[in-house]
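> Everything in the sequence shown is counted per the numbering used here, starting at 7 for the first residue and increasing by one.
Just so it is clear, CB atoms sit at the ideal spot from N, CA and C, and this is done for glycine as well.
Shown below is the structure under consideration.
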Amino acid sequence: MKVANNNIGDAQSLPKGYKQTEAGLIPEDWNVEKIESVCKVVGGGTPSTTIPKYWNGAVNWFTPTEIGGLKYVSKSRRKISEEGLKNSSAQILPIGSILMTTRATIGDLAITTLPATTNQGFQSLVPISIEKNYLYYLMQTKHKELIENASGSTFLEISPRKVKNIFIQLPSSKEEQKAIATALSDVDALISSLDQLITKKKANKQGAMQELLTPPVEGGKRLPGFDGEWEEKRLGELIHDFQNGYGFSAQGYQDNGVPILTMAQIGLQGQFQFNENKINYWDKNELKNLKDFVLEKGDLIMSMTDVTPDKNLIGRMTIIERNGPFFLNQRVGHLRINKDLVNPIILKQLSNMREWRMYSKAIASLGVQANIGTTDIKNGVFTLPPIKEQNAIAEVLSDMENDIKFLAIKKAKYQQIKQGMIQELLTGKIRLV
């Protein structure tokens, strides 16, 4: 059994008022308990799927894929019957129980707001002598320990015994537990309100995009002051060139240098996705030799390959939002557009709309990996307003997108603050009572 190890030396080196315990360094007036001392640990089960009467009843039955996104859960996607409950190892968990995934996905958490059961991918915690919200936040800090205690050849799983024997730290008074949980819940509420606002703003942007990029003869809405005919244009008429990427070999990757952009940088809503920890790099001395494959901020790129089951990525475009240079990987295309005819923001947004999505999927080769070729891409048709109207629409959509990005940055800051609070409050470095 692995336990927390925050060893800072002998007793003489301990900060005044603190003690070293199995759960790490904590205030002297706090306690350390095993989970089984303050909770009931409850597993789950699955009724036979070949017996219809065990299913589609009124009993909530959660699986691990439903846990992790929200603090609270109420209704499960699938339900079992009372008879299914009686004929399986699933057990009813009361309101306020903490569902904790312990198989394959380890350590995802949610609090039940209605009675529920789970499948066998859980070891859920029913609080007995501990405040439920405090326990919820505390178990977030135990994620690494849970992973370290998991085992299995097919998939990782942590046993009930190991869960029960995990040491946890807790203030001796319920009042202090509640104060800590309330402070963290307040930050969660702020994050949740931002999530809701971001969702609303995204829906507004989607609606505006649909209205402004649909031809008026098909029911679209025009910005004030614009008239004139919309025209159908082949993509090949709107670009100077379409450049396929280069086949960079994994053997040549470096720890730093010029980032290689792949289809992973193209989001399902056309957003530019760049995670420095997941980017491969190539020798910067090759910039001159590979000049045809060099990209810069503002360039428009397209995914020409898709390995997802629903093929929702193929044909999507995005605009590079970071300063370059970058290298263009194979199966990603660079569209060198004619800005006198089309605004890149408009083209990117049109690649997210139904007509282009249907066309991209229709021309894609069949198989596990879908591919589209340059000729088919250039033959794709877009219906466009005059360039001045395109630019005005692009400005409206960009303003809406910038609002969403600002809120996302604000949310990320609150999440950072929350993580800092968790570390300080759940170790007693900051006391609220």
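1. Go ahead and label arginine 337 buried or exposed: buried means 16 or more other beta carbons lie within 10 angstroms of its beta carbon, across all protein chains shown.
2. Taking alanine 370 as the reference, which of Arg360, Met359, Ile383 has the closest Cα?
3. Give me the Cα-Cα distance between phenylalanine 161 and glycine 113, rounded to the nearest whole angstrom.
4. How big is the Cα-Cα spacing for threonine 119 and serine 82?
5. Report buried or exposed for tyrosine 78, applying the criterion of at least 16 other Cβ atoms within 10 angstroms of its Cβ.
6. Within a Cβ cutoff of 8 Å, which residues of the same chain sit near isoleucine 204, ignoring the five residues on either side of it in sequence?
7. If I'm right that leucine 218 touches isoleucine 399 with Cβ under 8 Å, what's the distance once you round it to whole angstroms?
8. Thinking just about the alpha-carbon of each residue, which of Lys227, Ile326, Leu176, Gln277 is nearest to the one in glycine 213?
9. Use the C-beta contact count for asparagine 335: other C-beta atoms within 10 angstroms, 16 or more gives buried, fewer gives exposed.
10. What first and last residue would you give for the beta strand (DSSP E) that runs through phenylalanine 3?
11. On the criterion of 16 or more Cβ atoms from any shown chain inside 10 Å, does asparagine 344 qualify as buried, or is it exposed?
12. Report the partner residues of lysine 25 according to the DSSP bridge assignment.
13. Ignoring anything shorter than 3 residues or poking outside the stretch 184 to 246, list the beta strand (DSSP E) runs there in chain order.
14. Let me check understanding here. Comparing Cα to Cα, which of Thr147, Gly242, Ala195, Leu99 lies closest to threonine 124?
15. Under 8 Å Cβ to Cβ from methionine 406, same chain only, skipping five residues before and after it: list those, please.
16. At what residues does the alpha helix (DSSP H) containing arginine 360 begin and finish?
17. Per DSSP, threonine 389 forms a beta bridge with which residues?
18. In this structure, what does DSSP give as the bridge partners for glycine 49?
19. Which residue wins for smallest C-alpha separation from tyrosine 252, given the options Ala116, Lys435, Phe299?
20. If I measure Cβ to Cβ from lysine 424 and keep anything under 8 Å in the same chain, skipping five residues before and after, which residues do I get?
21. What's the C-alpha gap between glutamate 72 and methionine 364?
22. Leaving out five residues on either side along the sequence, give the residues of the same chain with a beta carbon under 7 Å from the beta carbon of lysine 435.
23. Quick check: the Cα distance between glutamate 243 and proline 350, rounded to an integer number of angstroms?
24. Roughly how many angstroms lie between the CA atoms of glycine 74 and valine 387, to the nearest whole one?
25. Count the other CB atoms, across all protein chains shown, that sit within 10 Å of the CB of threonine 329; report buried if there are 16 or more and exposed otherwise.
26. Rounded to the nearest angstrom, how far is the Cβ of glycine 158 from that of glutamine 249, given a contact under 8 Å?
27. Identify the residues that DSSP records as bridge partners of lysine 40: which are they?
28. Name the DSSP beta bridge partners of glutamine 249, please?
29. So which of Ser178, Pro121, Thr52, Leu115 has the shortest CA-CA distance to asparagine 93?
30. How would you label proline 177, buried or exposed, when you count the other beta carbons within 10 angstroms and need 16 or more for buried?
31. Select from Gly426, Glu89, Leu438 the residue whose C-alpha is nearest the C-alpha of glutamine 146.
32. Are the beta-carbon atoms belonging to glycine 304 and asparagine 358 less than 7 Å from one another?
33. Could you round the C-beta distance between threonine 111 and proline 70 to whole angstroms and report it? I think they count as a contact, below 8 Å.
34. Provide the residue span of the alpha helix (DSSP H) that contains glutamate 90, from first to last.
35. Where asparagine 13 and aspartate 316 are concerned, what is the direct C-alpha to C-alpha distance, given to the nearest angstrom?
36. Considering Cα atoms alone, identify which of Val48, Arg240, Ser87 is closest to proline 133.
Judging by the given coordinates:
1. buried
2. Ile383
3. C-alpha separation (whole angstroms): 14 Å.
4. Using only the alpha carbons, I get a separation of about 11 Å.
5. Label assigned to tyrosine 78: exposed.
6. Excluding sequence neighbours, isoleucine 204 sits near Ile410, Leu413, Ala414, Lys417.
7. 5 Å
8. Lys227
9. buried
10. Residue 3 cannot be examined here, being either before or after the span of the chain that is shown, 7 to 439.
11. exposed
12. Ile32
13. 237 to 240
14. Of the candidates Thr147, Gly242, Ala195, Leu99, the one whose C-alpha sits nearest the C-alpha of threonine 124 is Leu99.
15. Lys207, Asn210, Lys211, Ala214
16. 360 to 369
17. Paired residue(s): Glu238.
18. Gln129
19. The shortest CA-to-CA distance from tyrosine 252 to any of Ala116, Lys435, Phe299 is the one to Phe299.
20. Around lysine 424: Leu190, Val193, Asp194, Ile197.
21. 30 Å
22. none
23. 14 Å
24. 41 Å
25. In the sequence on display, residue 329 carries asparagine and not threonine. Asparagine 329 comes out exposed.
26. Contact doesn't hold; Cβ gap of about 46 Å is too wide.
27. Phe173
28. His340
29. Thr52
30. Its Cβ being crowded by 16 or more others within 10 Å, proline 177 is buried.
31. Nearest C-alpha to glutamine 146: Gly426.
32. In this structure, asparagine 358 does not lie closer than 7 Å to glycine 304 by Cβ.
33. 5 Å
34. For clarity, residue 90 is glycine in the given sequence; the question names glutamate instead. Here the alpha helix (DSSP H) through glycine 90 covers 88 to 92.
35. Residue placement at asparagine 13 is flagged as unreliable, the pLDDT there being 46, under the threshold of 50; the coordinate-derived value follows with that caveat. Those two C-alpha atoms are separated by around 50 Å.
36. Val48
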